[in-house]
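There are 2 protein chains.
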Amino acid sequence: MRNLLTAYIYLLSTVLIAQDHAAEIPIPNPAQLAWQQAELGAVFHYDLHVFDGEKYQQNGNSGNRTNPVMDYQQFYPENLDTDQWIKAIKDAGFTFAILTATHETGFALYQSDVNPYCMKALKWKDGKGDIVRDFVNSCRKYGIKPGIYIGIRWNSFFGVYDFKVNGSGEFQKNRQAYYNQMAEGMVTELCTRYGELFEIWFDGGASHPDLGAPDVLPIVKKYQPNCLFYHNNQLAEARWGGSESGTVPYPCWATFPNPYSHSGDTQKDHLQLLKHGDPNGKYWMPAMSDAPLRGYNGRHEWFWEPGDEDHIFPLDHLMEMYRKSVGHNSTLIVGLTPDPRGLLPEPDVQRLKEWGQEIKKQFGNPVSEVSGTGKEIKLKLDKPTLINHIILQEDIARGERVREYIIESQVDGKWKEIGRGESIGHKRIQKIEPSTVSRLRLRITEAIAEPIIKDFSVYQGL
Amino acid sequence: MRNLLTAYIYLLSTVLIAQDHAAEIPIPNPAQLAWQQAELGAVFHYDLHVFDGEKYQQNGNSGNRTNPVMDYQQFYPENLDTDQWIKAIKDAGFTFAILTATHETGFALYQSDVNPYCMKALKWKDGKGDIVRDFVNSCRKYGIKPGIYIGIRWNSFFGVYDFKVNGSGEFQKNRQAYYNQMAEGMVTELCTRYGELFEIWFDGGASHPDLGAPDVLPIVKKYQPNCLFYHNNQLAEARWGGSESGTVPYPCWATFPNPYSHSGDTQKDHLQLLKHGDPNGKYWMPAMSDAPLRGYNGRHEWFWEPGDEDHIFPLDHLMEMYRKSVGHNSTLIVGLTPDPRGLLPEPDVQRLKEWGQEIKKQFGNPVSEVSGTGKEIKLKLDKPTLINHIILQEDIARGERVREYIIESQVDGKWKEIGRGESIGHKRIQKIEPSTVSRLRLRITEAIAEPIIKDFSVYQGL
């Protein structure tokens, strides 16, 4: 009797430990889950200097941070059509879109009541233009989730560099207080005027109120509780993937050791940490891959500039980008460049369309698919088929549980390895040597809790 | 024959010398002449902080230079009526009016296309308000000459202190260039949008382009050739009379040793020079007397603030001010304070009306008057009359020629001095011991050319 009781207690405690362990696995909040499932989004950059007719020197656009655009009346997009922008990304299979409500000039693309350096100041549309509203309306129309990018780190008009109002003494101090209130006011306006936002992206991070920066986190949490907060030194609900190449390396984990993604304390190689994440990190913080569509062959431009059509990434480059971002458990955000007319240029629209078609062609129709839980999941094809891609997906609502896996193909009754890996997370697109297969199995060789595989599928992609 | 010829040549050369001398006498340009003849004007101060409901500490309004007004939407004058402002000064006998298009906050009271911190940014009138236009329209309606006051020396919003954009390095330099262009743009807008301006008043002087300040003089000269330019380190077409008491001391000459009125080079007692001028100065630069109407009994406020009604100058103080400004060859500009409703408060309106009536009563109807040229001018009254004021006026279009004069009354066939003085210029109001007189003479005891007396008149004022 005593032994039985001991055994029972032992059993119970084991179960409880296992439960506790699962309970401790970091999981996404609803905003993060939606953001990862969204996979592919656009960020539209639009600002005063698009209209100056001049081409940046390489990396020259950081000049906007310290060099005010001399004539803001040059902002005059005569054929503005945000429907055209959004339709273009819809055709490409994107699911969300972000607009730079303000960028480094400090000019706001809407009707602000706290920042006079905004569309109210323009001759265009007699000062009544509101591109944020046009943009959000177009997003709603086409079923694209709208997000907002806010630059408060730089403001070449007001004189803000890296959050700090330039200057000294009491004057600087007063203007800093004014600026912080103005920035917080803009965040409040953007969070309250345009309905539910999918993501709010603070350019370069929004620093920390304790460091003298505007206190934006409580505002976003109050007015947009379901919006992904990206990011400041208090919280990052996603992290930058460590490059602007549109890719992250493999493995890429959605977890991180800190609630914020800025460097600062003990991390030695912070860039590597951003790129790979930390499988043992306690905080859910999926990686963003970002790149401008016009980033090919010696240029890398987030804004429209004359003569950059030749720098639109070729289709195969974009497919590789897709595999190494979405396929590496990372959300891909592509930079798009409306031009001075107010339209997304036709070559960009065309390339996006081709890209969407290609993604659909390669990954729209699995040869076979299955889901399941546990350490071994089998997939049977109707007939022997030549495949070259495998997609794996965990149910990340329950966390990232897999740490190591092997994919095997049954050949002549024996299991032969055709691929292996570490992170799966929301999605792993694995390119394999083209093989004719009929039976596959996924073996989870290491996991921190019972694996939950939402999708194990095979493709005849390129 | 030879002696005759010699005498003729001598005579001729004397005349030529005298003509040359007269030709060298400084004279006003048409703008200056009109400004001096205008005698009495108002300067309306209106800015964001009128609406903050707070009272400055004594001299506390310089805080506007370094402390941005936190919420510019507080600017909301629901009952704005510039007709009411202008009618009030018309009743007081004023002939011109100036409005602070911008003051130390940097906020512009019109629809600027170069300074976004302007009425376009307001919720008031849906961003369509233009108080400069309302003001000018009201001036035209009531036959008051409109002028503009522009503050470019301070700008607490943009971060400008004493013309210098606060900060350091390349950033400061770029923003300074931007600011200068913006300031020049505002001057251009104000000089081109509202018709002919009577005076343009740069707050604290507009410095000098060589010192890095905006280059405003060519703009005013190009677009408003008939406007009094007041003033920068290149040119002052009038000078500050050295106090904000609404008076200048006697004597007060309209000439000055430099074309600008700022200190700087060799002048030892610059304030005394501003107050008195220099009879030997080569440049025509008449003195302005200025004071706020609410400057009595321990306060001195150019802007409306709560509870300042008790500080409106009493009538006798204003009459004294009038005699010691207009009556000292100086144009008087009185500061008036529209309130948050957008109206000039009733007590101010009332006092202005009383003042105008009193000036008219005392100086509207001379007992007798005469004009003439030469060193002695006689004035005969119809009958022996008790008088207490004498007014003298030179024809300043021909310069200030008188240096010393005596006024005498004929008593029992003998001339008895009843007053003497130095400067006359546009107008000298001379208070004398009340005397019953029937014949008077003005004796110019020193002059640099033939005196031209436009008016020699006597009054039964208080």
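Chains as they are written, first to last, in our numbering: chain A, 23 to 484; chain B, 23 to 484.
Idealized CB from N, CA, C, for every residue including glycine.
Could you tell me whether any Cβ in chain A is nearer than 8 Å to the Cβ of B:Asp69?
-> no
May I ask you to verify whether the segment 209–228 of chain A touches the segment 206–216 of chain B, counting CB pairs closer than 8 Å and requiring at least 3?
-> no
Among the residues of its own chain, which have a CB less than 7 Å from the CB of A:His292, if the five just before and after it don't count?
-> Ser285
What residues of chain A sit near B:Gln203, judged by a beta carbon separation below 8 Å?
-> Met92
Measure the C-alpha to C-alpha separation of A:Lys476 and A:Ile172 and round it to an integer number of angstroms.
-> 35 Å
Quick one, are the C-beta atoms of B:Thr407 and B:Thr467 less than 8 Å apart?
-> no
Helix, strand or coil for B:Gly169, going by three-state DSSP, please let me know.
-> strand
Check whether the segment 354–369 of chain A touches the segment 68–79 of chain A, counting contact only when three or more Cβ pairs, one atom from each stretch, lie closer than 8 Å.
-> yes
Look at the alpha carbon of B:Glu455 and the alpha carbon of B:Ile440, and state the distance between them as a whole number of angstroms.
-> 8 Å
Are B:Lys297 and B:Pro279 closer than 8 Å when you measure CB to CB?
-> no
Whose Cβ in chain B lies nearer than 8 Å to the Cβ of A:Lys142?
-> Pro138, Lys142, Ala143, Gly149
Where B:Gln194 meets chain A, residues with beta-carbon distance less than 7 Å = Asn188
Are three or more beta carbon pairs between the segment 43–56 of chain A and the segment 332–344 of chain A nearer than 8 Å?
-> no
Quick one: Cα of A:Asn81 to Cα of A:His322, how far?
-> Any reading at A:Asn81 needs caution, since the residue's pLDDT is 46, under 50, leaving its predicted position unreliable; the model's value is listed next. Cα-Cα distance, rounded: 8 Å.
Option in B:Lys77, B:Pro473, B:Gln106 with minimal Cα separation from B:Ile399 = B:Pro473
For A:Thr36, which residues from the same chain have a beta carbon less than 8 Å from its beta carbon, with the 5 sequence-adjacent residues on both sides left out?
-> Model confidence at A:Thr36 stands at a pLDDT of 45, short of 50, so the residue's coordinates are unreliable and nothing is read from them.
Residue burial classification, A:Gln246 (beta-carbon count within 10 angstroms, cutoff 16) | buried
With distances taken Cα to Cα, identify the nearest neighbour of B:Gly169 among B:Gly329, B:Asn248, B:Gly396.
-> B:Asn248
With a threshold of 16 other CB atoms inside 10 Å of the CB of B:Asn302, please say whether the residue is buried or exposed.
-> exposed
Assign A:Lys77 to one of two classes, buried (16 or more other C-beta atoms within 10 Å of its C-beta) or exposed (fewer than that).
-> exposed
Could one say the Cβ of A:Asn387 lies closer than 8 Å to chain B's Cβ atoms, at least one of them?
-> no
Give the residues of chain A in contact with B:Gly181, contact being defined as C-beta atoms less than 9 Å apart.
-> Phe180, Gly181, Val187, Asn188, Gly189, Phe193, Gln194, Arg197
May I have a chain-ordered list of the beta strand (DSSP E) segments no shorter than 3 residues that lie completely inside the segment 368–456 of chain B?
-> 390–395, 398–416, 424–433, 436–443
Going by DSSP, name the residue or residues bridged to B:Asp477.
-> B:Gln415
With DSSP collapsed to three states, give me the class of B:Leu121.
-> strand
Determine the chain A residues that contact B:Asn89 at a beta-carbon separation under 7 Å, and present them in chain order.
-> Asn196
Across which residues does DSSP place B:Gly357 in a beta bridge pair?
-> B:Val65, B:Pro314
If we ignore side chains and look at the alpha-carbon of each, how far apart do A:Ile451 and A:His411 end up?
-> 7 Å
Helix, strand or coil for A:Lys112 per DSSP?
-> helix
Confirm, please, whether the CB-CB distance from A:Leu403 to A:Ser390 is below 8 Å.
-> yes
Contact between the segment 197–207 of chain B and the segment 94–105 of chain B: three or more CB pairs below 8 Å?
-> no
Exposed or buried, which one is A:Leu337 when buried takes at least 16 other CB atoms within 10 Å?
-> exposed
Can you give the Cα-Cα distance for A:Ile120 and A:Phe157, rounded to whole angstroms?
-> 9 Å
Is the Cβ of A:Gln59 closer than 8 Å to any Cβ of chain B?
-> no
Skipping 5 residues on each side, what residues in its chain have a beta carbon closer than 8 Å to that of A:Glu266?
-> Asp312, Ala313, Pro314, Gly317, His322
Just tell me which of A:Gln59, A:Thr117, A:Leu55 has its CA closest to the CA of A:Val65.
-> A:Thr117
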